[in-house]
Every structure is written in structure tokens, then in C-alpha cells.
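Q: In order, the protein sequences belong to chains A and B. Just so it is clear: in the first sequence, position 103 is 111 by this note's numbering, and no numbers are missing. Just so it is clear: in the second sequence, position 59 is 106 by this note's numbering, and no numbers are missing.
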Amino acid sequence: DSGVTQTPKHLITATGQRVTLRCSPRSGDLSVYWYQQSLDQGLQFLIQYYNGEERAKGNILERFSAQQFPDLHSELNLSSLELGDSALYFCASSPRQGVVGYTFGSGTRLTVV
Amino acid sequence: AQTVTQSQPEMSVQEAETVTLSCTYDTSESDYYLFWYKQPPSRQMILVIRQEAYKQQNATENRFSVNFQKAAKSFSLKISDSQLGDAAMYFCAYRSARATNKLIFGTGTLLAVQP
């Protein structure tokens with residue numbers, strides 16, 4: 009157990025639907041990162057939050073949004089889902105800005121049918 | 048923009064032998080970090096080893112070591128005494144020391160370990 013908890017582990021939904029992926033960072037970690045791992049795009053950085061504020065944005069679609077709550081957990085919202093959104097979504101956390109390494113959760117496998 | 052290239056989609060090694068996975072990267076920065084992550088069938092991303100660009104000495108973690116060639120922008124991973132549990136997808140990753148903490152990943156190398 010890495011200490012980063014992601015729920016649910018698996019999610020199957022239909023095109024056009026909306027889902028929410030949840031991430032609880034390691035105790036004490038202030039930064040949360042979201043990554044998407046798909047067969048055609050590989051591992052792509054989506055977005056980073058630090059202590060509730062958005063810090064960096066990567067290749068995140070406008071249909072996707074995220075937030076980090078006061079208790080530091082984060083949610084990634086995916087809407088108007090398309091078949092191509094099927095992927096493994098990882099959350100990772102780190103203690104603070106500038107700390108080099110971070111810890112990944114075990115991911116949420118999203119399948120859009 | 049920085050890029051990371053792993054030119055070996057698949058590799059195979061005999062148990063107890065040594066294997067080297069290749070990684071090259073492109074950057075105009077002088078200060079950065081490089082990582083190797085392991086992703087077994089469980090999907091968990093596990094940090095194997097990391098290298099700070101300002102350090103000339105190659106990083107080592109038990110059976111895992113790197114050959115960091117900064118001028119050549121090369122960062123290979125050597126696994127010695129390979130074990131069945133080493134079978135996994137291995138990703139090379141880059142992180143700028145100046146910008147955000149995001150990691151830029153290569154496409155991965157799938158390592159099979161033959162008994």
C-alpha cells in the first residue's frame with residue numbers, strides 16, 4: 009500500500025456520461041497530481057493541485073475538471089465521456105512543492121462503452 | 048519542450064542475468080531529475096531509481112543502477128541478477144528542476160524474465 013488511495017478501482021460507463029474519480033493523498037502530502045495512461049497516448053500529465061490551488065495544467069481536456077478539497081483529497085471529473093477516454097487514471101501525491109519524488113496510487117481503470 | 052524516448056518496446060532476459068534498458072531525452076535545461084518507474088501487472092507505479100542531473104555519480108539501488116550520460120542525454124537502467132519479480136513495464140521519466148513537478152514519461156519497455 010503506497011498510502012495514496014484511489015476509488016473506485018474500476019469503472020464502466022456509457023458514452024456521454026459523467027464520472028468522478030477520487031484520490032486521497034498520503035498523510036501530510038499537500039500536492040496531488042493526475043495522470044492518464046492510455047494505449048495510444050501513453051502516460052500524460054493532466055493537472056496538479058497544491059494545498060487546494062491549481063498549480064499546473066497539462067493535456068487536460070475541457071470536458072475534464074479537477075479540484076482539491078480542504079481535507080486535501082482530490083476529485084477528477086470527466087464529463088461527456090467518449091470511447092477514447094477509456095484509460096487508467098493515476099493520482100500521485102508529494103509533501104510540498106520542490107520535493108522531487110512522489111507516490112502513485114494504484115489507479116482507476118475507466119472503461120467507456 | 049522536453050521529450051523522453053525509449054526505443055525498446057520489449058526486452059527479455061534470463062533469470063540471474065543482466066539486462067540494460069535504454070532511455071534518451073531531449074531538454075535545453077541543465078538542472079533536472081530523471082527517474083525509472085516500474086509498472087508490474089498490478090498497475091502500481093513504483094519508483095525504482097532516480098538521478099539528479101547535477102550529480103556526476105550514477106545512482107544505485109541494490110540490483111538496479113543507471114548509466115547517466117548528461118552530454119549524450121542518455122539514462123539507461125541496468126538490472127543485475129534479474130529475478131522473476133522484475134518482469135514489468137519500465138518507464139523512464141524526466142522532471143524539470145525549475146518548472147512544475149510534472150513528470151514526462153517515455154513510452155515504456157516491457158521486460159520479460161525467463162526462468
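Positions of the beta carbon are idealized from the N, C-alpha and C atoms, including for glycine.
Is the CB-CB distance between Y43/A and L29/A below 9 Å?
A: Not closer than 9 Å, so no.
Q: So, does the CB of Q104/B fall closer than 9 Å to a CB anywhere in chain A?
A: Judged by the 9 Å Cβ criterion, Q104/B is not in contact with chain A.
Q: Applying the criterion that 16 or more other CB atoms from any shown protein chain within 10 Å of the CB defines a buried residue, is F77/A buried or exposed?
A: By the neighbour-count rule (16 or more Cβ atoms within 10 Å), F77/A is not buried but exposed.
Q: Once DSSP output is grouped into helix, strand and coil, what is the label at G113/A?
A: DSSP places G113/A in coil when its eight states are reduced to three.
Q: For P177/B, tell me which candidate among S59/B, A48/B, Q49/B has the shortest Cα-Cα distance.
A: Any answer about residue 177/B is impossible in this case: the structure gives chain B only from 48 up to 162.
Q: Leaving out five residues on either side along the sequence, give the residues of the same chain with a beta carbon under 7 Å from the beta carbon of S54/B.
A: So the qualifying residues of the chain are S69.
Q: From the DSSP output, which residues share a beta bridge with T50/B?
A: Looking at the DSSP assignment, T50/B forms a beta bridge with D73/B.
Q: By Cβ distance, which residues of its chain are closer than 6 Å to M92/B, with the 5 residues on each side in sequence left out?
A: Answer for M92/B: Y84, Q86, listed in chain order.
Q: For G115/A, does the count of other Cβ atoms within 10 angstroms reach 16, so buried, or fall short, so exposed?
A: The residue in question, G115/A, is buried, as its Cβ has 16 or more Cβ neighbours within 10 Å.
Q: Would you kindly report the start and end of the unbroken beta strand (DSSP E) that includes L86/A?
A: Run containing L86/A: 82 to 86, per the beta strand (DSSP E) assignment.
Q: Would you report the Cα separation of V27/A and D37/A, rounded to the nearest angstrom?
A: Approximately 25 Å between the Cα atoms of the pair.
Q: Does DSSP put G132/B in a helix, a strand or coil?
A: In the structure shown, G132/B sits in a helix (DSSP, three-state: H, G or I).
Q: When the distance is taken between beta carbons, is I151/B closer than 9 Å to V51/B?
A: A contact, by the Cβ cut-off of 9 Å.
Q: Using a Cβ-Cβ distance under 9 Å, would I151/B count as near chain A?
A: At least one chain A Cβ lies under 9 Å of I151/B.
Q: Leaving out five residues before and five after A22/A in sequence, what residues of the same chain have Cβ atoms less than 8 Å from its Cβ?
A: Counting only Cβ-Cβ distances below 8 Å, and skipping sequence neighbours, we find L89, V120, V121.
Q: DSSP three-state label for G50/A, please.
A: Strand.
Q: Is K17/A buried or exposed, if buried means 16 or more other CB atoms sit within 10 Å of its CB?
A: Exposed, because fewer than 16 other Cβ atoms sit within 10 Å of the Cβ of K17/A.
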